[in-house]
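*Asks:* Residues in the sequence shown are numbered consecutively from 2, following the working numbering.
Beta carbons are placed, not taken as given, at the ideal position from N, Cα and C, and that holds for glycine.
Dropping a structure here in structure tokens format, bear with me for questions.
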Amino acid sequence: DGSVDYFNNASYEFVKEDQLLAEYTPATPGEYGYTVSGKLIIPKRGKDLPVLRGKGVRITEDKTQYFATCSGQIEYQNNKINIINCLSINSDLDISVGNINFDGNVEIMGNIIPNMVVRATGYVKVNGYVESASIYAGDDVVLAKGIQGGGISYIEAGGDVLAPFFESTTIKCNGSLRSNHILNCDVTANDSVLL
2 DGSVDYFNNA
12 SYEFVKEDQL
22 LAEYTPATPG
32 EYGYTVSGKL
42 IIPKRGKDLP
52 VLRGKGVRIT
62 EDKTQYFATC
72 SGQIEYQNNK
82 INIINCLSIN
92 SDLDISVGNI
102 NFDGNVEIMG
112 NIIPNMVVRA
122 TGYVKVNGYV
132 ESASIYAGDD
142 VVLAKGIQGG
152 GISYIEAGGD
162 VLAPFFESTT
172 IKCNGSLRSN
182 HILNCDVTAN
192 DSVLL
């Protein structure tokens with residue numbers, strides 16, 4: 002019926018500063034039991050797990066609770082919890098990933114397909130092409146291969162905006178706009194426009 006929102010399916014784990022990440026439950030001594038024939042089973046004491054380690058994590062003094070010290074993407078691997086203030090998308094940004102709304106920096110290794118939206122409080126870097134998509138950044142926006150906006154793209158940056166070319170895009174930045182070519186764009190830069 003058209004009610005599924007394919008663009009906002011957030012396929013990454015995001016945590017906020019001071020959010021509880023994990024709780025540790027100490028091992029227990031176990032309970033006595035019996036076999037089916039009535040023989041007593043003596044329990045083995047549970048084995049305590051090692052303390053989790055990582056970056057961007059604060060552990061309470063009793064080592065039972067783990068809290069995020071910053072907002073960002075959470076990763077858990079090899080008994081380590083890391084909070085990374087950069088969301089890295091290792092593919093194209095399409096509906097399989099969804100729109101991005103991230104408190105930190107965003108790096109996209111591929112292209113951004115039409116109608117996608119990226120919002121970041123830090124910088125946004127795109128290593129591929131951007132087509133008819135919108136980008137909002139608290140810091141710089143760097144487009145390695147440029148943008149073809151189709152008259153609907155919008156870029157807003159708290160810092161500089163850089164790309165080889167801009168076409169049919171509205172751009173507003175607090176810093177400088179740097180490019181080789183600008184075609185059919187509405188550009189506002191608080192610092193300078195360098196071509």
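Who are the near neighbours of Ile-136 in its chain, counting only those whose CB is closer than 7 Å to its CB and skipping five residues on each side?
*Replies:* Taking Ile-136 as the centre and dropping the five residues before and after it, the same chain places the C-beta of Val-119, Val-125, Val-142, Ile-156 closer than 7 Å to its C-beta, in chain order.
*Asks:* Where does Ala-190 fall in DSSP's three states?
*Replies:* strand
*Asks:* According to DSSP, is Tyr-200 part of a helix, a strand, or is it coil?
*Replies:* Because the chain in this structure spans residues 2 to 196, residue 200 falls outside the shown range and cannot be described.
*Asks:* Does DSSP classify Ala-69 as helix, strand or coil?
*Replies:* strand
*Asks:* Roughly how many whole angstroms lie between the Cα atoms of Met-117 and Leu-88?
*Replies:* Taken atom to atom, the span from the alpha-carbon of Met-117 to that of Leu-88 is near 16 Å.
*Asks:* Measuring only the C-alpha atoms, how far is Gly-139 from Val-52?
*Replies:* Going by the C-alpha atoms only, they are around 36 Å apart.
*Asks:* Using only the alpha-carbon positions, how far apart do Asp-95 and Phe-167 sit?
*Replies:* Taking the straight line from one Cα to the other gives about 21 Å.
*Asks:* What would DSSP say about Ile-60, mapped onto helix, strand or coil?
*Replies:* strand
*Asks:* So, helix, strand or coil for Arg-120, using DSSP?
*Replies:* Taken through DSSP and simplified to helix, strand or coil, Arg-120 comes out as strand.
*Asks:* Once the 5 residues before and after Leu-163 are set aside, which same chain residues still bring their CB inside 6 Å of it?
*Replies:* Val-143, Arg-179
*Asks:* Is the beta carbon of Gly-73 less than 9 Å from the beta carbon of Ile-84?
*Replies:* yes
*Asks:* Drop a sphere of 10 angstroms on the beta-carbon of Tyr-33, count the other beta-carbons inside from all chains shown, and report buried for 16 or more, exposed for fewer.
*Replies:* Around the beta carbon of Tyr-33, a 10 Å sphere encloses fewer than 16 other beta carbons of the protein chains shown; the residue is thus reported as exposed.
*Asks:* Does DSSP put Thr-36 in a helix, in a strand, or in coil?
*Replies:* coil
*Asks:* For Arg-54, which of helix, strand or coil comes out of DSSP?
*Replies:* strand
*Asks:* Is the beta carbon of Ala-1 sitting closer than 9 Å to the one on Pro-115?
*Replies:* Within the shown structure, residues of the chain are numbered from 2 to 196, placing residue 1 beyond reach of any answer.
*Asks:* I need the straight-line Cα distance from Leu-50 to Asn-86, nearest angstrom please.
*Replies:* 28 Å
*Asks:* Go to Lys-81, then tell me how far its beta strand (DSSP E) extends in each direction, as first and last residue.
*Replies:* Element bounds for Lys-81: 81-85.
*Asks:* With distances taken between CB atoms, is the gap from Asn-80 to Gly-111 smaller than 9 Å?
*Replies:* Note that the C-beta distance between Asn-80 and Gly-111 is not below 9 Å.
*Asks:* Quick one: measure Cβ to Cβ for Val-58 and Leu-22, integer angstroms, because I've assumed they're closer than 8 Å.
*Replies:* 7 Å
*Asks:* Along the chain, where does the beta strand (DSSP E) containing Gly-152 start, and where does it finish?
*Replies:* 148-158
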